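In the numbering used here, the protein residues as written are 29 to 296.
Data first, discussion second: the structure below is written as structure tokens.
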Amino acid sequence: MKSPSIALVFLLASSADAFTVNRPAAAASIRTTTSLNVDLPRLDLPAAVTAKLEENDLKNPNTMTEDEYRAYAGAAILGTLLFLIPGAFVTGLGSALGEAAGSAFFDFAVSALLGGGAAIYFSLKDDELGEKARGYGTQLFDTVGLPALRYDLPEAVTDKMEEIGLMNPNTLSEADYNGYSGAAVAGTLAFFLLPGALLTGEFDLLLNAGGSFVTDFLLSAIIGGGSAIYLSLRDDEIADSVNDAGIKLLDAVDGVVDKISGNLNGDE
Numbered sequence: 029m030k031s032p033s034i035a036l037v038f039l040l041a042s043s044a045d046a047f048t049v050n051r052p053a054a055a056a057s058i059r060t061t062t063s064l065n066v067d068l069p070r071l072d073l074p075a076a077v078t079a080k081l082e083e084n085d086l087k088n089p090n091t092m093t094e095d096e097y098r099a100y101a102g103a104a105i106l107g108t109l110l111f112l113i114p115g116a117f118v119t120g121l122g123s124a125l126g127e128a129a130g131s132a133f134f135d136f137a138v139s140a141l142l143g144g145g146a147a148i149y150f151s152l153k154d155d156e157l158g159e160k161a162r163g164y165g166t167q168l169f170d171t172v173g174l175p176a177l178r179y180d181l182p183e184a185v186t187d188k189m190e191e192i193g194l195m196n197p198n199t200l201s202e203a204d205y206n207g208y209s210g211a212a213v214a215g216t217l218a219f220f221l222l223p224g225a226l227l228t229g230e231f232d233l234l235l236n237a238g239g240s241f242v243t244d245f246l247l248s249a250i251i252g253g254g255s256a257i258y259l260s261l262r263d264d265e266i267a268d269s270v271n272d273a274g275i276k277l278l279d280a281v282d283g284v285v286d287k288i289s290g291n292l293n294g295d296e
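This is the structure:
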């Protein structure tokens, strides 16, 4: 058997196949699916690559059955996922996410004061503008299906509200209170996503974290996914164990998707 290092170079190309976005393929290409018809793109590797694989006593993915290819693809995905955590330390993803999370708390506080405060002010006005603001808040809660938690404000606060021409939240009807609460949430979220992120620096931190994640994923696909592919293409007990793990991963994903789908469709 020749050195596996030569084959690993060519396996880098095949590792990308497991993550290829669904697109029209040539007539020679075959598509395999999980039990829930989740697409697993199957593309034929070039003859130059498969020749090197066979020279190193590795199986040819182009000639695999659907079950074999499914196990091979699952192994590549599993290897990539397992390397994401150690890869995060190499790429700095962990620290980038930590900084973004820390800034998010400050961003949320600013957004709740400015965005949420402004939305509360407008939603408590007893005019057409207030009615529209409460209407948008009601639509938000109806869309996400969240209940409005109602609590009474201190009299000292409500007195000040009435002094500046705002309605008293404690005396609002259920419909108006839901709209008022929804408007506060909507104002906070709207300010959190863009103005607040720019003011607090959260936007730049999120971009940095996103870039680190992409780097981590690519590194994991090459090292973790490539190593798993190499092991899965061997013709021995190690390959059987790796392929079995790949199949179990895809079966687990199918089970989760099946459960979610059943809940959404109201199945028992």
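The C-beta atom is built at its ideal place from N, Cα and C for all residues, glycine as well.
None of these values were measured; they are calculated from a predicted model.
- Phenylalanine 134 sits close to threonine 228, with the two beta carbons spaced by under 9 Å.
- The beta carbon of aspartate 154 sits closer than 7 Å to the beta carbons of Met195 from its chain, once the five residues preceding and following it are set aside; these are given in chain order.
- In this model, lysine 188 and leucine 181 are separated by some 11 Å (Cα to Cα).
- The three-state reading of DSSP puts leucine 194 in strand, counting E and B together.
- When C-alpha distances from arginine 178 are compared across Tyr208, Tyr149, Ala214, Ile266, the shortest belongs to Tyr208.
- With respect to asparagine 236, alanine 124 sits close: the two C-beta atoms are nearer than 9 Å.
- Alanine 211 sits buried, since 16 or more C-beta atoms from the chains shown fall within 10 Å of its C-beta.
- Taking lysine 87 as reference, the option from Val270, Asp263, Ala161 with the minimal CA-CA separation is Asp263.
- Secondary-structure assignment with DSSP links lysine 153 through a beta bridge to Leu194.
- Here the alpha carbons of lysine 276 and isoleucine 288 stand approximately 18 Å from one another.
- The DSSP-derived three-state label of leucine 68 is strand.
- Excluding the 5 residues flanking it on each side, serine 255 has same chain C-beta neighbours closer than 7 Å at Gly107, in chain order.
- For isoleucine 113, the enclosing alpha helix (DSSP H) stretches over residues 94-119.
- Between the alpha carbons of alanine 273 and aspartate 279 lies a distance of about 10 Å.
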